[in-house]
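If you read the sequences in order, they're chains A and B.
Quick note on numbering: the working numbering labels position 128 of the first sequence as 128, and the sequence is numbered without any gaps.
Position in the second sequence (first residue = 1) + 333 = the working numbering.
Even for Gly, the Cβ is constructed at its ideal location relative to N, Cα and C.
Given the structure is predicted, the values throughout are model-derived calculations rather than measurements.
There are 2 protein chains.
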Amino acid sequence: MRVAYETMVKEFARVLEKKGFTAQDAQDAAVIFAQNSLAGVYSHGLNRFPRVVSYLEKGEIDPNVRATCEMSSGVMERWDGHRGFGPLNAKRAMDRACEIAKEHGVGLVALGNNNHWMRGGTYGWLAADNGCIGICWSNTMPNMPAWGAKDRKIGNNPLIMAVPRSNGCHALIDCAVSQFSYGKIEDCRLRGVQLPVPGGYDTKGQLTTDPAEIEKTWRVLPMGYWKGSGLSIVLDLIATVLTNGNSVQKIGTFGDEVGLTQIMIAIDPSKFNTTEETDAIVDAIIADVKSSEPVNEQTNVMYPGEPELRNISENKEQGIPVIEEVWQSVLDM
Amino acid sequence: MRVAYETMVKEFARVLEKKGFTAQDAQDAAVIFAQNSLAGVYSHGLNRFPRVVSYLEKGEIDPNVRATCEMSSGVMERWDGHRGFGPLNAKRAMDRACEIAKEHGVGLVALGNNNHWMRGGTYGWLAADNGCIGICWSNTMPNMPAWGAKDRKIGNNPLIMAVPRSNGCHALIDCAVSQFSYGKIEDCRLRGVQLPVPGGYDTKGQLTTDPAEIEKTWRVLPMGYWKGSGLSIVLDLIATVLTNGNSVQKIGTFGDEVGLTQIMIAIDPSKFNTTEETDAIVDAIIADVKSSEPVNEQTNVMYPGEPELRNISENKEQGIPVIEEVWQSVLDM
């Protein structure tokens, strides 16, 4: 079953308004969830929506709490998210970073004590839609062992970088610093398939592509082994220093994955280039990468963000694929 | 054989001054090379020094060319390195980024048309010594296939992030986005050992840990497979857009690895925290990581930068290990 993007936005907005959001906030949050499904990241779109609604119903998310700016110095602001609604706080923080960048070249908002932002790519994309280069990351609860360790003390802290193109086909990388997300490992286990490359350790301490074995230990592998481990730690350090918020370790004491720390950096390339110049630079690099000789005839060498853009194009045309029961549950809300 | 750090600096400075550097530039450049050896990165310290001297002798590096600021907007500057001496241009660019950060919170210098900066960690460390968080990267010549490709069209563009500690034991990650450097692959081949994890493809297109097989194809593996490939492309995009300098593709047309593009970002945490607060945050995160349960009794779980700090400590105390012929060649210069 497929549902039109506009219908999905409308239904999400209707439900969120009913659960206490202002009309504008309901619309903004609905767009974020629907765009995640549109881009093919269903786990953080429709499929996550009912859980968020249940948090609203239980009072675990207050729809009227907004992040506030606590400190400001030059092009840098420190915000407290007050554990409000993660995606809206994050959107406002990146919007503000872009606003500062448009004035001063670069803007940075350090957002502490926020809730889960869903898909990090949303905020990179947002910066690019504003004509800015976006760099952002979030920490997470401890969900990965550091290199050389057995127990999970570091986060798979997603790092996002986006580069704008005036045609809207932005280049974007959205990468957790684990080799695979927890969702991907579970998905492969449910479908009875192996991971394409090793994603963690089995009970004997050996690297494995078997998702069921990894789920027994939850010793997931950092991307690039020691490299992803080091990146994870430094991303957590920078984010926690700039917010004086919650580190991965601290988040691990909360029971749930709440009170996260996020960094939003926007850089405005129009200070130095015309739009045409930036487009020409980006187009040339992408064209060169795409002219690579593929490993086989079935392979299409893609630039970062291209798979999502293909999903967006297909799902806009044909509607967004949905799990019927989940969609029906939203209609019934 | 071991040589005292101070002796190495003095000898490097003597040679560089003889080859045309001003006394100050010779001293600054000597410190960069000697510190790389001190930190255990011998490939970019003493062992690289004779090659750099040969470039000076052949006139391929002009010791008197300095990067100049071409454009400036708010906290962001675009510099042209005029293919001068890479490490000194890069040092000046990061020094300037820190200067801007101390005034406005964040500073960014986009340095185009520079030469090889040697070890990227140098400039992250420099920012941290200035009390700033440093984020920097460089592009390279095309030396890695994009994910899904056979031919080398992307760079292993090193990404560096550093977090300052007032005791000088900064946290720092310096990571090329390939799984292994070319030097590491060669080193393992020469020593007749396998890489610890797969580092590239053999002639049959299979992943391998055999350095000799990888050297036959030079299809080196991005860190985290598709993730490192995507990161490489986006880092090149951002750097080339902000400098309007040379992309990886363009550098590939030069014959040598020259005219590189580098981004220096400095962020001053003292705008929001006292030094004691920043130290306490960093210490707590590092202590937590180090309290991990190691995979075996021989393993010491380390934080990013700790291995280099151990080398620095050991080499300061016992002298820097040198290959005798290389050291003698410097003394003879």
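Less than 8 Å between the beta carbons of residue i and residue j, yes or no?
i                        : j                           : result
arginine 119 (chain A)   : asparagine 36 (chain A)     : yes
asparagine 447 (chain B) : alanine 479 (chain B)       : no
isoleucine 566 (chain B) : proline 304 (chain A)       : yes
glycine 112 (chain A)    : asparagine 246 (chain A)    : yes
tryptophan 327 (chain A) : methionine 1 (chain A)      : yes
leucine 523 (chain B)    : phenylalanine 513 (chain B) : no
methionine 141 (chain A) : glutamate 257 (chain A)     : yes
tyrosine 456 (chain B)   : glycine 464 (chain B)       : no
tryptophan 470 (chain B) : isoleucine 493 (chain B)    : yes
glycine 387 (chain A)    : valine 628 (chain B)        : This structure leaves residue 387 (chain A) out entirely; chain A is present only between 1 and 333.
valine 655 (chain B)     : valine 336 (chain B)        : yes
alanine 110 (chain A)    : arginine 83 (chain A)       : no
glycine 516 (chain B)    : serine 376 (chain B)        : yes
aspartate 149 (chain A)  : serine 625 (chain B)        : First, the residue type needs correcting, since residue 149 (chain A) is alanine and not aspartate in the sequence shown. A contact, by the Cβ cut-off of 8 Å.
glycine 557 (chain B)    : glycine 224 (chain A)       : yes
alanine 430 (chain B)    : leucine 441 (chain B)       : yes
I need the boundaries of the beta strand (DSSP E) containing residue i, first residue and last residue.
i                        : result
tryptophan 458 (chain B) : Not the beta strand (DSSP E): tryptophan 458 (chain B) falls in the alpha helix (DSSP H), residues 454 to 462.
glutamate 410 (chain B)  : 409 to 413
glutamine 262 (chain A)  : 260 to 267
arginine 152 (chain A)   : 152 to 154
Over the uninterrupted alpha helix (DSSP H) stretch that includes residue i, give me the two end residues.
i                        : result
glutamate 403 (chain B)  : Note, glutamate 403 (chain B): premise wrong, no alpha helix (DSSP H); beta strand (DSSP E) at 401 to 406.
serine 370 (chain B)     : 356 to 371
tryptophan 470 (chain B) : Segment 466 to 471 is the beta strand (DSSP E) holding tryptophan 470 (chain B); no alpha helix (DSSP H) there.
alanine 110 (chain A)    : Counting along the chain, alanine 110 (chain A) falls outside any alpha helix (DSSP H), though it belongs to the beta strand (DSSP E) covering 106 to 114.
isoleucine 614 (chain B) : 608 to 623
proline 383 (chain B)    : 382 to 390
serine 565 (chain B)     : 559 to 576
alanine 61 (chain A)     : Checking the sequence, you will find isoleucine at residue 61 (chain A) rather than alanine. Unbroken run through isoleucine 61 (chain A): none, as it is neither H nor E.
glycine 183 (chain A)    : 182 to 191
glutamine 582 (chain B)  : 581 to 584
What residues are listed by DSSP as bridge partners for residue i?
i                        : result
leucine 342 (chain A)    : Lying before the first or after the last residue shown, residue 342 (chain A) is absent from chain A, which here runs from 1 to 333.
leucine 667 (chain B)    : Outside the shown range of chain B (334 to 666) lies residue 667 (chain B), about which nothing can therefore be said.
methionine 302 (chain A) : DSSP, once it has assigned bridges, lists no residue as partnering methionine 302 (chain A).
arginine 2 (chain A)     : A:Pro321
proline 478 (chain B)    : B:Arg485
valine 553 (chain B)     : B:Gly533
proline 420 (chain B)    : Beta-bridge pairing links proline 420 (chain B) to no other residue.
proline 307 (chain A)    : Bridge partners of proline 307 (chain A): none, in fact.
serine 511 (chain B)     : B:Pro555
Looking at C-alpha atoms only, which residue of the options is the closest neighbour of residue i?
i                           : options                                : result
histidine 449 (chain B)     : B:Pro491, B:Lys537, B:Pro531           : B:Pro491
lysine 18 (chain A)         : A:Leu56, A:Met8, A:Phe33, A:Ile32      : A:Leu56
aspartate 80 (chain A)      : A:Ile286, A:Ala266, A:Thr243, A:Tyr303 : A:Thr243
glutamate 213 (chain A)     : A:Cys98, A:Pro198, A:Val248, A:Gly224  : A:Pro198
glycine 561 (chain B)       : B:Ile487, B:Glu403, B:Gly592           : B:Ile487
lysine 623 (chain B)        : B:Ser405, B:Gly588, B:Asn633, B:Val574 : B:Asn633
phenylalanine 382 (chain B) : B:Ser405, B:Met404, B:Ala346, B:Glu647 : B:Ala346
valine 330 (chain A)        : A:Arg51, A:Asn296, A:Gly20, A:Gly230   : A:Arg51
methionine 666 (chain B)    : B:Glu344, B:Thr340, B:Glu339           : B:Glu344
valine 696 (chain B)        : B:Ile614, B:Cys431, B:Val553, B:Ile596 : Nothing about residue 696 (chain B) can be read from this structure; chain B reaches only from 334 to 666.
glutamate 339 (chain B)     : B:Ile656, B:Gln651, B:Glu657           : B:Gln651
valine 65 (chain A)         : A:Gly20, A:Tyr182, A:Pro307, A:Ala4    : A:Gly20
proline 343 (chain A)       : A:Gly192, A:Glu186, A:Cys175, A:Ile251 : Given a span of 1 to 333 for chain A in the structure shown, any question on residue 343 (chain A) remains unanswerable.
alanine 495 (chain B)       : A:Gly192, A:Gly230, A:Glu215           : A:Gly230
valine 357 (chain B)        : B:Leu421, B:Cys402, B:Asn380, B:Ser387 : The sequence shown places glutamine at residue 357 (chain B), rather than the valine named in the question. Closest by alpha carbon: B:Leu421.
lysine 583 (chain B)        : A:Ala149, A:Ala284, A:Asn273, A:Leu16  : A:Ala284
aspartate 62 (chain A)      : A:Leu16, A:Asn315, A:Arg96             : A:Leu16
Which same chain residues end up closer than 6 Å to residue i when comparing Cβ atoms and leaving out the 5 residues on each side of it in sequence?
i                        : result
leucine 309 (chain A)    : Cys169
leucine 126 (chain A)    : Met94
lysine 604 (chain B)     : Gly438
isoleucine 286 (chain A) : Tyr303
proline 497 (chain B)    : Ala461, Gly464, His503
cysteine 188 (chain A)   : Leu195, Pro211
glycine 378 (chain B)    : Phe366, Asn369, Ser370
For residue i, which residues from the same chain have a beta carbon less than 8 Å from its beta carbon, with the 5 sequence-adjacent residues on both sides left out?
i                        : result
asparagine 311 (chain A) : Leu38, Ala39, Gly40
valine 106 (chain A)     : Val75, Ile100, Ile265, Ala266, Ile267, Asp268
valine 9 (chain A)       : Gln27, Ala30, Val31, Ala34
aspartate 151 (chain A)  : Pro145
threonine 217 (chain A)  : Gly200, Tyr201, Asp202, Thr203
aspartate 236 (chain A)  : Asn139, Ile154, Gly155, Asn157, Ser247, Val248, Thr261
methionine 640 (chain B) : First, the amino acid is wrong: residue 640 (chain B) is proline here, not methionine. So the list reads Gly373, once near-sequence residues are dropped.
Give me, in chain order, the residues of the same chain whose beta-carbon lies closer than 7 Å to that of residue i; leave out the 5 immediate sequence neighbours on both sides.
i                        : result
lysine 102 (chain A)     : Asp268
threonine 608 (chain B)  : Ser499
isoleucine 238 (chain A) : Ile263
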